[in-house]
Amino acid sequence: MTQMKQQRARRATIGREHLWGWVFTGPFAVVFVVFLVVPLGYAFYMSLFSYTQVFGERFTGLANYVRILGDAAFRDGMLLVVMYTVVMVPLQLGLALALALMLDSFKKRFAAISRIVIFLPYAIPAVIGALMWGFMYSKMMGPFTSVFQLFGLSAPEFLSSNGIFGALVNVVTWQWTGYYMVILYSALQSIPSELYESARIDGANEFRIARSIKVPMVSGSLIMCTIFSLIGTLQFFTEPTILRNQAPSVIPSEYTPNMYAQALAFGYNQTNYSATVSFSLGLIVVLFSVAFMRLTHRSSGLGD
Amino acid sequence: MLKTTKFLAALSAAALSLTLAACGGSGAQEAGTNTDKHANDNASCTNKLVHPKAQKVTVWAWYPAFEKIADHYNENHTDLQVCWNNGGQGGAEYTHFQNTIKAGKGAPDVIQLEYEAMPQFLAGQKKYLVDLGKFGMNKHKADYTSGAWNSVTFGGSDSVYAVPVDTGPFVMYVNEDVFEKYGLKVPTTWDEFEQTGRQLKEKGYDGKLTNWQSDGTAVNIALFSQKNAKVYKYSANDPTKVGVDFDQKGVKEVLSYWQRLAKDGLIDTADQSSTDTMKKFGAGQYATYVQASWFMGYYVKGAFKTPESSPFKIYAAPKWDDATPDVNQGGSAFAVTYQAKDTEASAKVARELYGDDFSRNSGVTDGGLFPSWTQTLASSEFIGQTYPYLRNQKANEVIAPVAKGWEGDQFLPFQTYAYDAQQKAFTSVVKSGKSADSVVADLTSSLQNYAKQQGFSTIAVE
Amino acid sequence: MSVQRQRADRVNQVKGNPRVFTYVVLILCCVYFLLPVWWLVVASTKTNGGLFNGAHGSMWFDSTFALWDNLRQLGTYQDGIYWRWILNSFMYALVGGLASTVVSVMAGYGFAKYRFRGKRLYFNIVLGALMIPATALVIPTFLLMSRVNMTDTYWAVLLPLLLNPFGVYLMRVYCSESLPDEMIEAARVDGAGEFRTFLTVSLPIMTPAITTVLLLSVVGAWNNFFLPSVVLTNPNLFPITVGLSQWQVRSSAGSASEQIWNLLTSGAFVSVIPMLLAFIFLQRYWVGGLTAGSVKA
Numbered sequence: 001m002t003q004m005k006q007q008r009a010r011r012a013t014i015g016r017e018h019l020w021g022w023v024f025t026g027p028f029a030v031v032f033v034v035f036l037v038v039p040l041g042y043a044f045y046m047s048l049f050s051y052t053q054v055f056g057e058r059f060t061g062l063a064n065y066v067r068i069l070g071d072a073a074f075r076d077g078m079l080l081v082v083m084y085t086v087v088m089v090p091l092q093l094g095l096a097l098a099l100a101l102m103l104d105s106f107k108k109r110f111a112a113i114s115r116i117v118i119f120l121p122y123a124i125p126a127v128i129g130a131l132m133w134g135f136m137y138s139k140m141m142g143p144f145t146s147v148f149q150l151f152g153l154s155a156p157e158f159l160s161s162n163g164i165f166g167a168l169v170n171v172v173t174w175q176w177t178g179y180y181m182v183i184l185y186s187a188l189q190s191i192p193s194e195l196y197e198s199a200r201i202d203g204a205n206e207f208r209i210a211r212s213i214k215v216p217m218v219s220g221s222l223i224m225c226t227i228f229s230l231i232g233t234l235q236f237f238t239e240p241t242i243l244r245n246q247a248p249s250v251i252p253s254e255y256t257p258n259m260y261a262q263a264l265a266f267g268y269n270q271t272n273y274s275a276t277v278s279f280s281l282g283l284i285v286v287l288f289s290v291a292f293m294r295l296t297h298r299s300s301g302l303g304d
Numbered sequence: 001m002l003k004t005t006k007f008l009a010a011l012s013a014a015a016l017s018l019t020l021a022a023c024g025g026s027g028a029q030e031a032g033t034n035t036d037k038h039a040n041d042n043a044s045c046t047n048k049l050v051h052p053k054a055q056k057v058t059v060w061a062w063y064p065a066f067e068k069i070a071d072h073y074n075e076n077h078t079d080l081q082v083c084w085n086n087g088g089q090g091g092a093e094y095t096h097f098q099n100t101i102k103a104g105k106g107a108p109d110v111i112q113l114e115y116e117a118m119p120q121f122l123a124g125q126k127k128y129l130v131d132l133g134k135f136g137m138n139k140h141k142a143d144y145t146s147g148a149w150n151s152v153t154f155g156g157s158d159s160v161y162a163v164p165v166d167t168g169p170f171v172m173y174v175n176e177d178v179f180e181k182y183g184l185k186v187p188t189t190w191d192e193f194e195q196t197g198r199q200l201k202e203k204g205y206d207g208k209l210t211n212w213q214s215d216g217t218a219v220n221i222a223l224f225s226q227k228n229a230k231v232y233k234y235s236a237n238d239p240t241k242v243g244v245d246f247d248q249k250g251v252k253e254v255l256s257y258w259q260r261l262a263k264d265g266l267i268d269t270a271d272q273s274s275t276d277t278m279k280k281f282g283a284g285q286y287a288t289y290v291q292a293s294w295f296m297g298y299y300v301k302g303a304f305k306t307p308e309s310s311p312f313k314i315y316a317a318p319k320w321d322d323a324t325p326d327v328n329q330g331g332s333a334f335a336v337t338y339q340a341k342d343t344e345a346s347a348k349v350a351r352e353l354y355g356d357d358f359s360r361n362s363g364v365t366d367g368g369l370f371p372s373w374t375q376t377l378a379s380s381e382f383i384g385q386t387y388p389y390l391r392n393q394k395a396n397e398v399i400a401p402v403a404k405g406w407e408g409d410q411f412l413p414f415q416t417y418a419y420d421a422q423q424k425a426f427t428s429v430v431k432s433g434k435s436a437d438s439v440v441a442d443l444t445s446s447l448q449n450y451a452k453q454q455g456f457s458t459i460a461v462e
Numbered sequence: 001m002s003v004q005r006q007r008a009d010r011v012n013q014v015k016g017n018p019r020v021f022t023y024v025v026l027i028l029c030c031v032y033f034l035l036p037v038w039w040l041v042v043a044s045t046k047t048n049g050g051l052f053n054g055a056h057g058s059m060w061f062d063s064t065f066a067l068w069d070n071l072r073q074l075g076t077y078q079d080g081i082y083w084r085w086i087l088n089s090f091m092y093a094l095v096g097g098l099a100s101t102v103v104s105v106m107a108g109y110g111f112a113k114y115r116f117r118g119k120r121l122y123f124n125i126v127l128g129a130l131m132i133p134a135t136a137l138v139i140p141t142f143l144l145m146s147r148v149n150m151t152d153t154y155w156a157v158l159l160p161l162l163l164n165p166f167g168v169y170l171m172r173v174y175c176s177e178s179l180p181d182e183m184i185e186a187a188r189v190d191g192a193g194e195f196r197t198f199l200t201v202s203l204p205i206m207t208p209a210i211t212t213v214l215l216l217s218v219v220g221a222w223n224n225f226f227l228p229s230v231v232l233t234n235p236n237l238f239p240i241t242v243g244l245s246q247w248q249v250r251s252s253a254g255s256a257s258e259q260i261w262n263l264l265t266s267g268a269f270v271s272v273i274p275m276l277l278a279f280i281f282l283q284r285y286w287v288g289g290l291t292a293g294s295v296k297a
């Protein structure tokens with residue numbers, strides 16, 4: 001084959017690659033544009049208008065963004081989910097990592113059983129998880145009143161303004177710890193064991209191995225889980241919505257930004273402002289995630 | 001990143017031009033009259049039609065046992081058939097209706113709405129409910145209690161926007177076991193009510209006098225009404241004006257009253273919808289409960305294993321003085337929507353659905369509705385009816401006069417928002433002990449601001 | 001499992017002998033994670049009155065065992081709409097999950113194995129999309145759908161499920177690592193078309209990752225709540241999550257409502273069984289496939 005022929009063949013291959021690359025990724029591109037780009041663009045477009053019963057829909061430019069800056073309901077909701085994030089993310093991830101390490105080095109049959117059990121809540125829809133905990137939190141119907149009585153204590157009031165934060169943290173921890181645990185456990189399982197064999201021969205104990213070999217090796221997964229957990233918590237919706245049916249005076253309709261967006265769109269008939277809330281929430285979450293990635297200064301596997 | 005932004009900007013511009021084209025103009029207008037008799041020919045119905053070839057009128061309702069009412073209507077009419085669907089309950093149905101308004105289609109011809117939910121469909125630029133006065137509804141004024149009638153006319157002299165069905169006369173449930181055990185007399189005034197609470201506490205009753213629900217919405221409006229304090233004002237004749245005022249002597253007195261009872265540990269302040277409240281109700285933890293008359297039919301099923309094991313009986317709600325009016329909490333009506341395909345036929349169906357003895361009896365016995373129909377309220381059969389879960393009491397003897405005495409309430413075009421704000425404010429009164437004075441002032445100004453933001457001008461409530 | 005790994009395990013067992021501490025922690029964990037499930041099992045056997053006033057407290061069976069009666073009521077209440085919700089959920093989970101997997105697998109493969117114009121930017125946008133909260137899109141999506149009259153259809157729930165950037169990412173990582181270019185090249189040299197290569201050579205190797213993406217999408221679709229609760233108002237189209245939450249609202253106080261707590265608990269119990277069984281039997285696939293996405297550092 002002459003050089004020219006080779007080159008032409010190469011160019012043809014590249015042309016074909018272009019084509020096939022788009023053939024394979026094309027369906028996703030369509031879905032991506034239709035269900036992500038367009039709704040986002042539409043949310044932004046809608047947020048430039050305002051609807052009132054008296055005037056109907058009017059173009060108001062950035063007025064909705066001016067409004068949201070001074071909106072105590074949105075600000076409080078945002079602060080609240082940030083607080084949930086600060087408490088819940090380390091709690092879930094810490095617990096998940098501890099359990100994953102424990103299961104990784106504990107090779108009994110019981111370990112396999114507990115792994116399934118810990119993972120099980122992930123199979124239960126969040127709606128049903130919140131529903132079950134809602135019943136269990138009930139002072140008169142849940143088991144906690146009698147459990148605490150055994151120790152001569154009175155059970156905490158989960159569904160009160162002081163207790164609700166912890167109550168919701170517990171529901172989410174229960175639901176998601178197992179999922180993160182399984183991701184971390186998978187990562188641990190794939191570490192080549194020769195890495196810590198020598199450490200063991202050198203007399204390092206399990207705790208040391210975990211700290212200086214295993215945890216650094218799974219830090220990529222850990223960061224990925226953290227980002228998922230972060231994004232999930234900032235868009236907190238299902239659990240408080242379900243518990244609200246049990247305790248409406250404790251969980252107001254604008255408890256989290258997502259709940260606020262829903263109340264605006266459906267309860268208060270303010271779809272334009274609701275779109276503003278959705279768009280702003282999306283923006284803030286993206287900023288948070290990017291800041292977190294910068295902060296960790298590592299490629300988490302999410303950066304290409 | 002810059003490229004990304006440009007890409008996104010281009011795409012949103014594309015979405016923008018698409019939707020601009022989809023936007024139509026709209027002007028202020030009254031709901032019109034349509035005459036299409038065949039538009040519903042292919043409508044799907046939850047009920048089975050008796051005369052499938054006849055003209056159909058679509059109805060959304062969530063009344064219990066409504067299928068019987070629809071069947072009865074269809075059996076007795078060959079020209080019109082009711083095509084019933086459950087469009088959701090309460091708030092869910094209103095959202096559904098709002099969405100059909102945005103879409104411009106999909107609404108039923110006839111829709112069940114609570115009195116408090118109607119203003120939102122009658123305010124601002126366009127009325128989405130048809131004025132039934134055009135179809136001779138005024139002739140039937142005497143068929144309904146004045147409270148129910150006033151609740152569907154919205155201040156208009158000739159306009160009627162719905163056909164009343166049920167109401168919620170405000171009464172007191174008394175746990176007779178508790179009152180017997182502690183040898184107490186049933187209170188008739190709020191002063192006596194408070195004294196009863198103190199006596200129960202002194203005598204070591206382990207429950208509470210009653211439960212004051214800060215998540216209660218209409219119940220608190222009823223309590224204020226007892227003081228003649230009307231907090232909301234809205235008239236369909238003036239659809240861009242609303243009145244909101246909680247900053248009234250009566251409201252403050254009522255709130256301070258409950259605040260004091262809560263502080264002294266006489267009452268519970270649990271949410272109405274919590275399962276605990278229901279459990280306590282059944283376990284004899286409440287000596288009384290001040291609520292609408294439909295409340296018993298709802299609670300008894302959950303709170304007691306058998307109706308006979310319920311120790312409750314109904315008494316008149318406590319009064320402040322001789323001038324305290326009879327009040328109401330809840331109730332609903334059938335309205336005709338602006339999308340009704342054949343407006344006149346729809347108006348006829350709306351009025352006739354609960355128009356005869358059979359359907360009214362079924363509504364009362366199978367549906368547990370408290371009737372707005374003067375004829376039923378006057379019938380000896382209704383008054384003499386005994387209720388097993390009220391110790392076979394002839395409860396309507398107590399309830400019917402309240403229903404007749406009620407004069408109607410007014411609500412806002414943004415009642416859902418107002419209720420949510422109200423709930424937060426009242427929770428802070430009983431749970432964080434905020435002073436009633438500052439709470440009502442804040443609530444009033446925040447709701448008035450909201451009204452202005454929504455384009456309404458605010459007027460005095462009186 | 002590699003030979004080294006086995007040897008390491010043996011070492012592991014010698015050094016890390018079963019400690020009481022580990023057992024205690026794991027037992028406590030199991031109790032904690034199973035507690036609500038046990039509550040649900042017990043509650044599903046009670047009558048409505050039994051839930052409130054039954055004997056033996058909330059964590060033990062009442063004197064009347066009403067599970068069968070509750071199941072019978074589930075079949076008749078509102079014309080047995082409960083089973084329709086279950087079927088809907090199955091349909092949404094399987095069809096939506098499967099379709100979204102197909103889209104993600106193809107895209108991941110395309111990203112990993114082809115060089116094409118715009119790929120870098122495209123993939124970076126996809127990565128960025130991982131950060132965008134799905135729920136922030138729900139209300140705008142609903143608004144768009146109502147413009148084109150798509151609300152209250154099966155499509156309104158199914159189509160948005162196709163969007164699964166995480167699945168794409170996972171597949172891309174897996175393909176880059178576990179699918180040698182030489183294999184694809186060899187197939188091409190043999191004259192196989194791109195699609196045939198994809199189907200016969202690449203797919204079999206990608207199976208573990210595909211299984212994981214499929215499981216993730218199916219579970220995600222099964223648990224879906226916010227979007228269907230917004231785009232659906234017709235009860236006949238509800239998935240079980242939305243249906244049960246409506247029953248909860250229905251049971252909570254209000255005029256013309258109805259107490260069906262017993263149906264709520266027994267309905268919830270029955271609805272979690274299929275997924276719990278699937279989890280127990282498909283356990284190992286989770287561990288296998290997730291490794292792909294997580295080790296890449």
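Chains as they are written, first to last, in UniProt numbering: chain A, 1 to 304; chain B, 1 to 462; chain C, 1 to 297. Beta carbons: idealized from backbone N, C-alpha and C, even for Gly. Please read all numbers here as calculations on a predicted model, not as lab measurements.
(request) Residues of the stretch 65-94 of chain B with a CB closer than 8 Å to any CB of chain C: list them in chain order, please. (result) Asn86, Gly87, Gly88, Gln89, Gly90 and Ala92
(message) I'd like to check one pair, Gly363/B with Ile69/B: are the Cβ atoms closer than 8 Å?
(response) yes
(request) Check whether the Cβ of Cys175/C lies closer than 8 Å to any Cβ atom in chain A. (result) no
(request) Return the chain-ordered ranges of every alpha helix (DSSP H) run that is complete within the stretch 269-318 of chain B and spans a minimum of 4 residues. (result) 275-282 and 295-303
(message) Please tell me whether Ala162/B and Phe334/B are closer than 8 Å, where the distance is taken between their beta carbons.
(response) yes
(message) Can you tell me where the alpha helix (DSSP H) holding Ser114/A begins and where it ends?
(response) Arg109 to Phe119
(message) Classify Pro87/C: buried if its beta carbon has 16 or more other beta carbons within 10 angstroms, exposed otherwise.
(response) Here residue 87/C is Leu; the residue named in the question, Pro, does not match the sequence. Its Cβ having fewer than 16 others within 10 Å, Leu87/C is exposed.
(request) Give the range of the alpha helix (DSSP H) segment to which Asp69/C is assigned. (result) Leu67 to Thr76
(request) Classify Thr76/C as buried or exposed, calling it buried when 16 or more other Cβ atoms lie within 10 Å of its own Cβ. (result) exposed
(message) My output table needs one value for Glu254/A: the three-state DSSP class, helix, strand or coil.
(response) coil
(request) With a cut-off of 8 Å on the beta carbons, I'd call Asn396/B and Gln385/B a contact; round off their distance for me. (result) 6 Å
(message) With a threshold of 8 Å, are at least 3 pairs of Cβ atoms found where one atom belongs to the stretch 36-56 of chain B and the other to the stretch 333-353 of chain B?
(response) yes
(request) Determine the chain A residues that contact Leu40/C at a beta-carbon separation under 7 Å, and present them in chain order. (result) Met132
(message) Suppose the cutoff is 7 Å on Cβ atoms and the five residues either side in sequence are ignored; what does the same chain contact list for His56/C look like?
(response) Asp62
(message) Can you tell me whether Trp62/B is helix, strand or coil according to DSSP?
(response) coil
(message) So the candidates are Val290/A, Ile164/A, Leu195/A and Ser193/A; which of them puts its Cα closest to the Cα of Pro248/A?
(response) Ile164/A
(request) Note down, in chain order, all residues in the stretch 258-274 of chain A with a beta-carbon under 8 Å from any beta-carbon belonging to chain C. (result) Asn258, Ala261, Gln262, Ala265, Phe266, Thr271 and Ser274
(request) Closer than 7 Å by beta-carbon distance: list the chain C residues that pair up with Ser114/A, in chain order. (result) Leu26, Cys29 and Cys30
(message) Quick test of your reading: Thr135/C and Phe142/C, contact by CB under 8 Å. State the CB separation rounded to the nearest angstrom.
(response) The Cβ separation is near 11 Å, so there is no contact.
(request) Identify every run of the alpha helix (DSSP H) within the stretch 178-258 of chain C, keeping only runs that are complete inside it and at least 4 residues long; order them along the chain. (result) 181-189, 203-223, 226-231 and 240-251
(message) At the level of alpha carbons, what is the spacing between Ser271/C and Ser245/C?
(response) 13 Å
(message) List, from N- to C-terminal side, the beta strand (DSSP E) runs of 3 residues or more that fit wholly inside the stretch 49-133 of chain A.
(response) 49-52 and 56-59
(request) Say whether the stretch 213-222 of chain B touches the stretch 417-424 of chain B, bearing in mind that this needs 3 or more beta-carbon pairs closer than 8 Å, one atom from each stretch. (result) yes
(request) Could you spell out the range, first to last residue, of the beta strand (DSSP E) harbouring Phe170/B? (result) Val163 to Asn175
(message) Can you tell me whether Pro180/C is buried or exposed? The criterion is at least 16 other CB atoms within 10 Å of its CB, across all chains shown.
(response) exposed
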